[in-house]
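Novice: I have a structure I would like to understand better, so I am pasting it below and will then ask my questions one at a time.
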């Protein structure tokens, strides 16, 4: 069986839902709990009602079983319809960033789950067990992939060239706009084009750019099904639903994810941090501080807490202070230094599940001012080259290290996991 396969997609019937903008949603993990009702209330068929069922049905003993029953009903009523034949789906995302317009071209397909030393799929972030368990519950109940992961193909450019050729043979499938841009899905069912794409991707390696918890859950779901049903190499539960992009695509944008620390006032924090950093009060705004970080030729960070804003600049090579149980390769990326020397070394917080995360520096400051967190650590984003280097070396970064922007929508196409590919 091929590493990447076409599949029979499940898609909303726009005539039944009153417009796709009412039923699609961002990935589950970037919808804050307080914003979830906005998506729940857009439509009784919004995909967030499935992906975030634990928030929609907080009193239900098995909220994802309730969601699975809803998903079956939508299919029975023709709200979700299967396409007539297996297909790949060409996904174009048009967006603006930093004053430039981009048209990102990707391919939605099923990617064989591959783990271990010689894996063809590379993961670069550590996962949180509770989040993996939550996504596994959703898979067990629905037996459906409801949102695609974000994957990057490492193959020297052959995939990108073939994808551009294949896109010309696809037919319109869906179009919807959201705050990030315009999302277009086209259906590619031409047999020769499918075969060429399967062939060009046969030996490619894929980096999971976004969706590590879903990918880990998919692997556990596969293992459960193998134990229960035996080896079925054609079964879709051996695969993960992904949007694949060429790694050389110039539209790849990584945004920083700032850290929020649940620690109270502690006068000794600054003294501890001064062991490794030059710590200076910063008189400007969070935006000013981020601009200063971008100019630094050394690892540099922002810190906001009871004393206001601080600029932290690494004094020297951190190797001498580096704990043996943390990857040495983390010393090459700001988020690794922040995790080990600031969050763990300065604040004593070694459980990533206790942290808060936000992409907005002003929001991070507001969360501290509101008393929800004690401190905020402001970061630069890692570069794509840094992410690739760690992934190729088999080193996982701390959770929420990368935020590839914009993300594929949930709900444009789903995949039933009991089909054969």
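Numbering (our numbering), first residue to last: 1 to 421.
Just so it is clear, CB atoms sit at the ideal spot from N, CA and C, and this is done for glycine as well.
These numbers were taken from a predicted model, which means no experiment stands behind them.
Can you check the stretch 268–337 for any beta strand (DSSP E) of at least 3 residues that lies completely inside it and give the ranges in chain order?
Specialist: Listed in chain order, they are 277–281, 300–305, 308–314.
Novice: Between the Cα of residue 15 and the Cα atoms of 38, 65, 78, 24, which residue gives the shortest distance?
Specialist: Here the question's residue 15 lines up with position 15 in the chain shown. Nearest of 38, 65, 78, 24 to residue 15, Cα basis: 78.
Novice: In whole angstroms, what separates the C-alpha of residue 317 from that of residue 36?
Specialist: Within the chain shown, numbered from 1, the residue matching residue 317 stands at position 317. Within the chain shown, numbered from 1, the residue matching residue 36 stands at position 36. Their backbone Cα atoms lie some 43 Å apart in a straight line.
Novice: Determine the DSSP secondary structure at residue 39, reduced to helix, strand or coil.
Specialist: Mapped onto the chain shown, residue 39 falls at position 39. The answer is helix: DSSP assigns residue 39 an H, G or I state.
Novice: With the cut-off set at 8 Å, would you say residue 67 and residue 53 are in Cβ contact?
Specialist: Position 67 of the chain shown holds residue 67. Position 53 of the chain shown holds residue 53. Contact: yes.
Novice: Of the choices 417, 408, 418, 295, whose alpha-carbon is the least far from that of residue 180?
Specialist: By one-based count along the chain shown, residue 180 stands at place 180. Comparing Cα positions, the closest option is 408.
Novice: Might you give, ordered along the chain, the residues of its own chain that have their beta carbon closer than 6 Å to the beta carbon of residue 183, omitting 5 neighbours on each side?
Specialist: Your numbering for residue 183 matches position 183 in the chain shown. For residue 183, where only same-chain residues beyond five positions count, the Cβ hits under 6 Å are 93, 176, 409.
Novice: Relative to the alpha-carbon of residue 386, which residue among 329, 213, 251 has its alpha-carbon at the smallest distance?
Specialist: The residue given as residue 386 occupies position 386 in the chain shown. The residue with the shortest Cα to Cα distance from residue 386 is 329.
Novice: What three-state label does DSSP hand residue 113 in the structure shown?
Specialist: Taking the chain shown and counting its residues from 1, the one referred to as residue 113 is at position 113. Looking at residue 113 - three-state DSSP - the assignment turns out to be coil, as it is neither helix nor strand.
Novice: Between the Cα of residue 64 and the Cα atoms of 286, 49, 222, 130, which residue gives the shortest distance?
Specialist: Here residue 64 corresponds to residue number 64 of the chain shown, with the count starting at 1. Checking every option, the nearest Cα to that of residue 64 belongs to 49.
Novice: Write down the C-beta distance between residue 272 and residue 346 rounded to the nearest angstrom, noting that I regard them as a contact closer than 8 Å.
Specialist: Locating residue 272 in the chain shown gives position 272, where the first residue counts as 1. Locating residue 346 in the chain shown gives position 346, where the first residue counts as 1. Indeed, because the Cβ distance is near 5 Å, the residues count as touching under 8 Å.
Novice: Determine the direct distance from the alpha carbon of residue 76 to that of residue 384, and round the result to whole angstroms.
Specialist: Locating residue 384 in the chain shown gives position 384, where the first residue counts as 1. Locating residue 76 in the chain shown gives position 76, where the first residue counts as 1. Cα to Cα, residue 384 sits roughly 43 Å from residue 76.
Novice: Counting C-beta neighbours from all protein chains within 10 Å, is the total for residue 99 16 or more, i.e. buried, or is it exposed?
Specialist: Here residue 99 is taken as the residue at index 99 of the chain shown, counted from 1. Label assigned to residue 99: exposed.
Novice: In angstroms with no decimal places, state the Cα-to-Cα distance between residue 5 and residue 141.
Specialist: Mapped onto the chain shown, residue 5 falls at position 5. Mapped onto the chain shown, residue 141 falls at position 141. For residue 5 and residue 141, the distance between alpha carbons rounds to 24 Å.
Novice: I believe residue 220 touches residue 367 by the beta-carbon criterion, under 8 Å. Please report the beta-carbon distance rounded to the nearest angstrom.
Specialist: Numbered from its first residue, the chain shown carries residue 220 at position 220. Numbered from its first residue, the chain shown carries residue 367 at position 367. That pair is no contact at about 32 Å.
Novice: Taking only the alpha-carbon atoms, compute the straight-line gap between residue 160 and residue 206 and give it to the nearest angstrom.
Specialist: Along the chain shown, read from residue 1 onward, the residue named residue 160 stands at position 160. Along the chain shown, read from residue 1 onward, the residue named residue 206 stands at position 206. Cα-Cα distance, rounded: 13 Å.
Novice: Taking 7 Å as the limit between beta carbons, can you name the residues of its chain near residue 292, skipping five residues before and five after?
Specialist: Taking the first residue of the chain shown as 1, we reach residue 292 at position 292. Closer than 7 Å at the Cβ level, and outside the excluded window around residue 292, lie 311.
Novice: Report the rounded CA-to-CA distance for residue 334 versus residue 306, giving the unit in angstroms.
Specialist: Numbered from its first residue, the chain shown carries residue 334 at position 334. Numbered from its first residue, the chain shown carries residue 306 at position 306. Using only the alpha carbons, I get a separation of about 23 Å.
Novice: Starting from residue 216, trace the alpha helix (DSSP H) in both directions and tell me its first and last residue.
Specialist: Taking the chain shown and counting its residues from 1, the one referred to as residue 216 is at position 216. Looking at the DSSP string, the run of the alpha helix (DSSP H) that includes residue 216 is 212–229.
Novice: Report the three-state DSSP secondary structure of residue 12 (helix, strand or coil).
Specialist: Sequence index remark: in the chain shown, residue 12 carries index 12 (1-based). The answer is strand: DSSP assigns residue 12 an E or B state.
Novice: Could you say if the stretch 199–214 and the stretch 119–135 meet the contact criterion of at least three C-beta pairs nearer than 8 Å?
Specialist: Cβ pair count under 8 Å is three or more, so yes.
Novice: Where do the N-terminal and C-terminal ends of the beta strand (DSSP E) with residue 397 fall, by residue?
Specialist: On the chain shown, residue 397 is found 397 positions in, with the first residue counted as 1. Residue 397 -> no beta strand (DSSP E), and no H or E assigned at all.
Novice: Rounded to a whole number of angstroms, what is the C-alpha to C-alpha distance between residue 174 and residue 30?
Specialist: As a first step, residue 174 must be located in the chain shown, where it is residue number 174. As a first step, residue 30 must be located in the chain shown, where it is residue number 30. Rounded to the nearest angstrom, the two C-alpha atoms are 23 Å apart.
Novice: Do you know offhand how far residue 101's Cα is from residue 21's?
Specialist: As a position in the chain shown, residue 101 is number 101, starting the count at 1. As a position in the chain shown, residue 21 is number 21, starting the count at 1. So the two alpha carbons sit approximately 22 Å from each other.
Novice: Ordered along the chain, which non-local residues of its own chain (more than five positions away) have a Cβ less than 8 Å from that of residue 103?
Specialist: Taking the chain shown and counting its residues from 1, one reaches residue 103 at position 103. 92, 93, 94, 251, listed in sequence order.
Novice: According to DSSP, is residue 66 part of a helix, a strand, or is it coil?
Specialist: Taking the chain shown and counting its residues from 1, one reaches residue 66 at position 66. Here residue 66 sits in helix by DSSP.
Novice: Which residues does DSSP list as the beta-bridge partners of residue 107?
Specialist: Walking along the chain shown from the start, residue 107 turns up at place 107. BP columns for residue 107 point to 90, 244.
Novice: I'd like to check one pair, residue 382 with residue 358: are the Cβ atoms closer than 8 Å?
Specialist: Walking along the chain shown from the start, residue 358 turns up at place 358. Walking along the chain shown from the start, residue 382 turns up at place 382. Not closer than 8 Å, so no.
Novice: Which residue or residues does DSSP assign as beta-bridge partners of residue 125?
Specialist: For this step, residue 125 is matched to residue 125 along the chain shown. In DSSP, residue 125 forms a bridge with 397.
Novice: Count the other CB atoms within 10 Å of the CB of residue 256; is the residue buried (16 or more) or exposed (fewer)?
Specialist: Residue mapping note: residue 256 aligns to position 256 of the chain shown, counting from 1. By the 10 Å Cβ count, residue 256 comes out buried.
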